[in-house]
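What follows is a single structure, written as structure tokens, with notes after it.
This is the structure:
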């Protein structure tokens, strides 16, 4: 009986160790972040300003707003700012960013406006030093990190604060290994359950058991969602938390635990007041 209890205790301790190892974010270090980040630039389609366009980024910069944006690699290894996995919603074209060269992409327009898909370097020039949360999109599978060195080469030219994030923990793992100096964050939310690998991912990602791969400095979580692993991570390790994406007028009221807010214009946020709240984490 004593042997059985001892074995069970050892097993429970082992499970606890593995759980904490999987959940643990990076050791706390000082980094700067803004209170507010405009989602895909401060866009407004009613005003003819589409998301992730130069016009949206110019508008954000004029207000001194930090921005959240998305980067992807083109067929000819240029880094562009674009969110979706395909071009249909924004450009009315079949295909993905990686299927086209930048010159080919330049012929497309965003949401029927004169705005085109911008290069990351063009966006950095327009933003002129405002704080950036840069999401590196997954392209070509979980293990494909080919966009990372191309993106970093541009990040290094920017005279401002850029932190990176991704849903793909292997992208964060690339930064952990190759550029640990750049602040990195794990994006997460509740996911639809599929089969096989998709089911595993739908369990691992929302619960942040992927933290062992990238050891993120911050967690960017859908503010409407929660998971027991996420709650445990918050309780035990107190990482910096970024909420996404606030769209409803009352959304800010539900984000008391978050240091930073990624928002869109309909959200009722006092930009002048909130944007003066800067953060710094240890």
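Numbering (our numbering), first residue to last: 1 to 282.
Note that the Cβ used here is the ideal one computed from N, Cα and C, for glycine as well.
Would you tell me roughly how many angstroms separate the C-alpha atoms of residue 183 and residue 66, rounded to the nearest one? 16 Å
Cα separation between residue 123 and residue 21? When rounded, the distance between both Cα atoms is 38 Å.
Under 8 Å, do residue 216 and residue 25 count as touching if we go by C-beta distance? yes
What first and last residue would you give for the beta strand (DSSP E) that runs through residue 245? 240-246
Nearest neighbour of residue 19, chosen from 140, 34, 232, 157 [CA to CA]: Looking only at 140, 34, 232, 157, the smallest Cα-Cα distance to residue 19 is reached by 232.
What does the alpha-carbon distance come out to for the pair residue 245 and residue 227? Taking the straight line from one Cα to the other gives about 17 Å.
From residue 63 to residue 156, what does the alpha carbon distance come to, in whole angstroms? 24 Å
Count the other CB atoms, across all protein chains shown, that sit within 10 Å of the CB of residue 50; report buried if there are 16 or more and exposed otherwise. buried
Which whole-angstrom value describes the C-beta separation of residue 251 and residue 221, a residue pair presumed to lie in contact below a C-beta threshold of 8 Å? In fact, because the Cβ distance is near 14 Å, the residues do not count as touching under 8 Å.
Thinking C-beta only, is residue 263 closer than 8 Å to residue 36? yes
Return the bridge partner residues of residue 260 from the DSSP annotation. 242
Within 8 Å, do at least three Cβ pairs link the stretch 67-76 to the stretch 127-138? yes
Since residue 134 sits in a beta bridge, which residues does DSSP pair it with? 69, 164
By the DSSP assignment, the beta strand (DSSP E) with residue 219 in it spans what residues? 218-222
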